[in-house]
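Colleague:
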Amino acid sequence: MFKGLTKVMNGARHYSTGSGFFATGQGKKPVRVAVTGASGQIGYQLLFRIASGDMLGKDQPIILQCLELPQAMNSLKGVAMELDDCAFPLLKGIVQSDNPNEAFAGADYALLVGARPRSKGMERGDLLKANAEIFSVQGKALNDNANADTLRVLVVGNPANTNALIAARNAPKIDPKRFSAMTRLDHNRGLAQLSSKVGCAVTEIDKFCIWGNHSATQYPDINFGSIKGKKITDLVDAAWTKDTFIPCVQQRGAAIIAARGLSSAASAASAAIDHMRDWTYGTNGEWTSMAIYSEGEYGADKGLYFSYPVIVSPSGKYEIVKDLKLNEFSKERFEKTNKELCEEHANPSKIIFSPKSESIRDVQFNPFQPYQFASAFDNGTVQIWDTRKQTSAVEKITAHQGLVLSLDWHPEEKSVIATGGRDRAIRIWDFTPSQVGGVMGKALHNLSTISSVYKVGRGHKWQLASYSSIVDFQTIDVPTGLLWRNPNTLVSCSKDGYLLINSINDACKPYQHIRTTGISWNVNNDIASINDKINRNQNNESTSLSNQFPSFFASFNVPAIPIQAPISYFKNLGIDEQQQEKKLKRTSSAHLHIDDNSAVNNNGNSKANNRVNDNIEDMSSSSSGNVTKNNDMAAKEPPSTSVYMESKNDQLLSNLLSAEAVTPLAPLPSRAPSIEIEKSKSSSPILYNDNSNNINNSSSIDDQD
Ligand code: NAD
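The letter at position 638 of the sequence shown is residue 638 when you use the UniProt record's numbering, and the numbering goes up by one with no holes.
What follows is the structure, encoded as structure tokens:
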């Protein structure tokens, strides 16, 4: 039995109406009709008519698959009880669900009625965003669950045309021509107005159509129409058409709201029935109006869901009526409604996430999860976002004290992130859901650096690159990008227009140059070294404390961390596992601590030509990987004195320290008020933001129905 099915009725019913009036559909396979917003105004009208056979005929058994919001499930239960009480012969089952995957499972038809109405005080952008979210989720659920070979989707919920576009874009497995939006209500309204004006039956009106958007910019076009063989334009005067008929059809929804206090519901349900019936069984050569996927016909923008005059064949294939010549008046109207749809369409190509935190310093997509990205904030937090859930971050940790300046994802561990902060630290985090709870606030690795970390770049498997905000003699301006070409080659670019190709193997390794005047290794695997250099900054008259005591102290701290850490610098040490395990116990990670004397390089005065302390500068150069092929670093390097270090764990430290870097004290990136992602028109998922300036205020979502 279908999951969630509350009742499936088998066998023939007995009924009292005349034989043949209703067929039972016996022997015919039921079709699955999904209806969203099923207990809303329109839903309440729609379900009973579908179940009675108005939509798909009196001989087609139906299973209704109703989707509602969790808070409306009780109301939906009442609707389902009433459906039961109708004893519809064709109704073979009712699914009630608040889960789109369940409601769309196996669906042959989907009527997407449920949408977010505009509530009091709600910003227009919020309304757009809310509906974009709904239709993204539903598009995806259709993609994953519906019957892609038979599916016909009608979007009724507003803004219907753009919602159809969003849903279709989120359903890449389904032909976009299987999606449509409803302008049949507008079409029917036009027929009713004409019939009343001319005094004819609605069935006597031929070749009337609606162009464009289901909104006040729609264009009801009578120019090709006829009534009993006479051109409509000969039967009504142009002034009536322009000043009465067109505005009346365009504003009919608003007029109904004004009169009824509620938007049109029964007429909307009836139009939805007409739309689906005609799309299934054909229009018998007659014109109808459907908002369908535009290939650019008549100059509408490709990819829009645009209302066209269509004829549907008996097999249910629609064709846009061809070779119509639009007059100047029509062209102007056509362009107006097309422009509005383009603007609505342009907005879905942006997503705005407003994390309600402080300014954002960095945003990076997870290379393994197309929907996931991480963002770094001034308040020290890192947040993980899912583009499918725009309202709030899915994970959040406090990663640094003060600003988080940079972050990047590990190239192979799909939930591991490196972050760099103003607190002179690079930290490695695991955002695997099971880990997040457990290690919240606890980094897998900590690398202390000599300065604020301006940029961490996605590493090669075991390497990480970073720039700190200190001058490096190789790079004279702020590096803005890091890219690994291979484990040995790091490409960096900077604001000064330089593209540097850095060779890691050739890089100076700072631990090789530690002065051994005083060096010590403690039981915690910290290494301390004292620099024997005297003040080099002899020209500087205002000698700072650090210049008076230019000793350089470094300690390489080795905290105990689990050996099977998701990100590990140790696997490529080139030593066998047993050895590695031994070493890991001893040197499972490393910290580089530099005491405050390094502040002489942090004070922003330190330029490449103002080297205060060889050791620090060497370390900077090495750790940044900023060693170009033609650099003269080797000549400048002090002799290697720290074989001790090298022999302990050369590769480990090399790897760790290649994560360290220096750059000029950089102006921080400009602060963004929110994360804004531009997406190309063809990409998915498609959501949209508020860009009120771009949206015509008469759009469909402004109480137009
Ligand atoms: P309604 O508020 O009475 O009902 C909407 C229902 O949708 C509610 O029961 C609500 O719980 C449900 N819903 C909301 N979000 C949902 C979601 N994500 N999943 C499932 N259900 C959800 O509104 P209504 O009068 O029935 O109108 C529905 C929509 O149809 C509105 O957007 C309206 O503007 C639009 N409409 C379009 C046309 C047209 O011609 N295209 C005509 C009339 C109305």
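Idealized CB from N, CA, C, for every residue including glycine.
Keep in mind the model is a prediction, meaning the values are calculated, not measured.
Give the DSSP-derived three-state secondary structure of residue 371 in the structure shown.
Modeller: For the purposes of this step, residue 371 is identified with residue 371 of the sequence shown, where counting begins at 1. Residue 371 falls in the coil class under three-state DSSP.
Colleague: Going by the beta-carbon positions, is the gap between residue 207 and residue 224 smaller than 8 Å?
Modeller: Walking along the sequence shown from the start, residue 207 turns up at place 207. Walking along the sequence shown from the start, residue 224 turns up at place 224. In this structure, residue 224 lies closer than 8 Å to residue 207 by Cβ.
Colleague: Can you give, in chain order, each stretch of the beta strand (DSSP E) that sits fully within the segment 178-259 and has at least 3 residues?
Modeller: With a minimum length of 3 residues, the continuous beta strand (DSSP E) runs that stay inside the segment 178-259 are 179-181, 209-211 and 219-221.
Colleague: Is residue 40 a contact residue of the ligand NAD, with contact defined as CB to any heavy atom under 7 Å?
Modeller: On the sequence shown, position 40 is the one that residue 40 refers to. Yes, the ligand NAD has a heavy atom inside 7 Å of this Cβ.
Colleague: By how many angstroms is the C-alpha of residue 384 removed from the C-alpha of residue 155?
Modeller: Stepping through the sequence shown from its first residue, residue 155 is reached at position 155. Stepping through the sequence shown from its first residue, residue 384 is reached at position 384. Cα to Cα, residue 155 sits roughly 32 Å from residue 384.
Colleague: Which residues mark the beginning and the end of the beta strand (DSSP E) in which residue 32 is found?
Modeller: Translated into positions along the sequence shown, residue 32 becomes position 32. First-last of the beta strand (DSSP E) with residue 32: 31-36.
Colleague: Give the straight-line distance between the Cα atoms of residue 142 and residue 323, rounded to the nearest whole angstrom.
Modeller: Here residue 142 refers to the residue found at position 142 when the sequence shown is read from its first residue. Here residue 323 refers to the residue found at position 323 when the sequence shown is read from its first residue. Near 34 Å, if we compare the C-alpha coordinates of residue 323 and residue 142.
Colleague: Report back the beta-carbon spacing between residue 783 and residue 375 to the nearest angstrom; my notes put them in contact at under 8 Å.
Modeller: Lying outside 1 to 705, the shown extent of the chain, residue 783 is not represented and no answer is given.
Colleague: Just to confirm before moving on: does the CB-CB distance between residue 205 and residue 195 stay below 8 Å?
Modeller: Here the question's residue 205 lines up with position 205 in the sequence shown. Here the question's residue 195 lines up with position 195 in the sequence shown. A contact, by the Cβ cut-off of 8 Å.
Colleague: Starting from residue 425, follow the beta strand (DSSP E) in both directions and report where the run begins and ends.
Modeller: As a first step, residue 425 is located in the sequence shown; it is residue number 425 there, counting from the start. Per DSSP, residue 425 belongs to the beta strand (DSSP E) from 425-430.
Colleague: Give the range of the beta strand (DSSP E) segment to which residue 152 is assigned.
Modeller: Against the sequence shown, residue 152 aligns to sequence position 152. From DSSP, the beta strand (DSSP E) with residue 152 extends over 152-155.
Colleague: Excluding the 5 residues preceding and the 5 following residue 245 in the sequence, name in chain order all residues of the same chain whose CB lies nearer than 8 Å to its CB.
Modeller: Counted from its first residue, the sequence shown places residue 245 at position 245. Around residue 245: 190, 193, 194, 197, 220, 222 and 236.
Colleague: Could you work out which residue in 157, 404 and 229 is closest to residue 358 when comparing CA atoms only?
Modeller: Position 358 of the sequence shown holds residue 358. Nearest option by C-alpha distance: 404.
Colleague: Check each candidate in 381, 432 and 409 and name the one with the smallest Cα separation from residue 421.
Modeller: Within the sequence shown, the letter at position 421 stands for residue 421. It is 381.
Colleague: Would DSSP call residue 455 helix, strand or coil?
Modeller: In the sequence shown, the residue the question calls residue 455 occupies position 455. In this structure, residue 455 counts as strand in the three-state DSSP scheme.
Colleague: What three-state label does DSSP hand residue 408 in the structure shown?
Modeller: The residue given as residue 408 occupies position 408 in the sequence shown. Strand at residue 408.
Colleague: How long is the line joining the alpha carbons of residue 276 and residue 313, rounded to whole angstroms?
Modeller: Along the sequence shown, one-based indexing puts residue 276 at 276. Along the sequence shown, one-based indexing puts residue 313 at 313. Cα-Cα distance, rounded: 13 Å.
Colleague: Residue 74: buried (16+ other C-beta within 10 angstroms of its C-beta) or exposed?
Modeller: Translated into positions along the sequence shown, residue 74 becomes position 74. Residue 74 is exposed by the Cβ-count criterion.
Colleague: Please determine if the segment 33-45 and the segment 54-74 are in contact, where contact requires at least 3 C-beta pairs separated by less than 8 Å.
Modeller: At 8 Å Cβ cutoff, the stretches touch.
Colleague: Can you tell me whether DSSP reads residue 377 as helix, strand or coil?
Modeller: Taking the first residue of the sequence shown as position 1, residue 377 is located at position 377. It is a strand residue.
Colleague: Counting only the same chain and skipping the five closest in sequence on each side, list residues whose C-beta sits under 7 Å from that of residue 44.
Modeller: Taking the sequence shown and counting its residues from 1, one reaches residue 44 at position 44. Closer than 7 Å at the Cβ level, and outside the excluded window around residue 44, lie 79.
Colleague: Compare the C-alpha of residue 432 against each of 157, 446 and 409 and name the closest.
Modeller: Locating residue 432 in the sequence shown gives position 432, where the first residue counts as 1. With distances taken between Cα atoms, residue 432 lies closest to 409.
Colleague: How far does the beta strand (DSSP E) with residue 448 in it extend, from its first residue to its last?
Modeller: Working through the sequence shown from its first residue, we reach residue 448 at position 448. Counting along the chain, the beta strand (DSSP E) containing residue 448 begins and ends at 445-448.
Colleague: Express the C-alpha separation of residue 185 and residue 215 in angstroms, rounding to a whole number.
Modeller: If you number the sequence shown from 1, residue 215 lands on position 215. If you number the sequence shown from 1, residue 185 lands on position 185. Each residue's alpha carbon lies about 11 Å from the other.
Colleague: Would residue 289 be called buried (16 or more neighbouring beta carbons within 10 Å of its own) or exposed?
Modeller: Within the sequence shown, the letter at position 289 stands for residue 289. When all chains shown are included, residue 289 counts as buried.
Colleague: Looking only at C-alpha atoms, which of 330, 250 and 213 sits nearest to residue 238?
Modeller: Position 238 of the sequence shown, counted from the first residue, corresponds to residue 238. When only C-alpha atoms are compared, the closest one is 330.
Colleague: Quick check on residue 370: buried or exposed, where buried means 16 or more other Cβ atoms within 10 Å of its Cβ?
Modeller: Within the sequence shown, the letter at position 370 stands for residue 370. It is exposed - the Cβ of residue 370 has fewer than 16 other Cβ atoms within 10 Å.
Colleague: Name the two residues that bound the continuous alpha helix (DSSP H) containing residue 85.
Modeller: If you number the sequence shown from 1, residue 85 lands on position 85. Unbroken alpha helix (DSSP H) run through residue 85: 73-86.
Colleague: Residue 276: beta carbon under 7 Å from a heavy atom of the ligand GTP?
Modeller: Absent from the structure shown: the ligand GTP. Ligands present: the ligand NAD.
Colleague: Please indicate yes or no: does the CB of residue 36 lie closer than 7 Å to some heavy atom of the ligand NAD?
Modeller: As a first step, residue 36 must be located in the sequence shown, where it is residue number 36. For the ligand NAD, at least one heavy atom lies less than 7 Å from the Cβ of residue 36.
Colleague: Return yes when at least one heavy atom of the ligand NAD lies under 7 Å from the C-beta of residue 134, else no.
Modeller: In the sequence shown, counting from the first residue as 1, residue 134 sits at position 134. Yes, the beta carbon of residue 134 sits closer than 7 Å to at least one heavy atom of the ligand NAD.
Colleague: State the Cα-Cα distance for the pair residue 53 and residue 103, rounded to the nearest angstrom.
Modeller: Walking along the sequence shown from the start, residue 53 turns up at place 53. Walking along the sequence shown from the start, residue 103 turns up at place 103. If I take the Cα positions, the gap works out to 20 Å.
Colleague: Distance, Cα to Cα, residue 162 vs residue 176?
Modeller: Numbered from 1 along the sequence shown, position 162 holds the residue referred to as residue 162. Numbered from 1 along the sequence shown, position 176 holds the residue referred to as residue 176. Roughly 13 Å between the two C-alpha positions.
Colleague: Less than 8 Å between the CB atoms is what I'm expecting for residue 139 and residue 181, so what's the real figure, rounded?
Modeller: Position 139 of the sequence shown, counting from 1, holds the residue named residue 139. Position 181 of the sequence shown, counting from 1, holds the residue named residue 181. Going by Cβ atoms, the distance from residue 139 to residue 181 rounds to 13 Å, so no, they are not a contact pair.
Colleague: Would you list the residues sitting across from residue 318 in a DSSP beta bridge?
Modeller: Here residue 318 corresponds to residue number 318 of the sequence shown, with the count starting at 1. 312.
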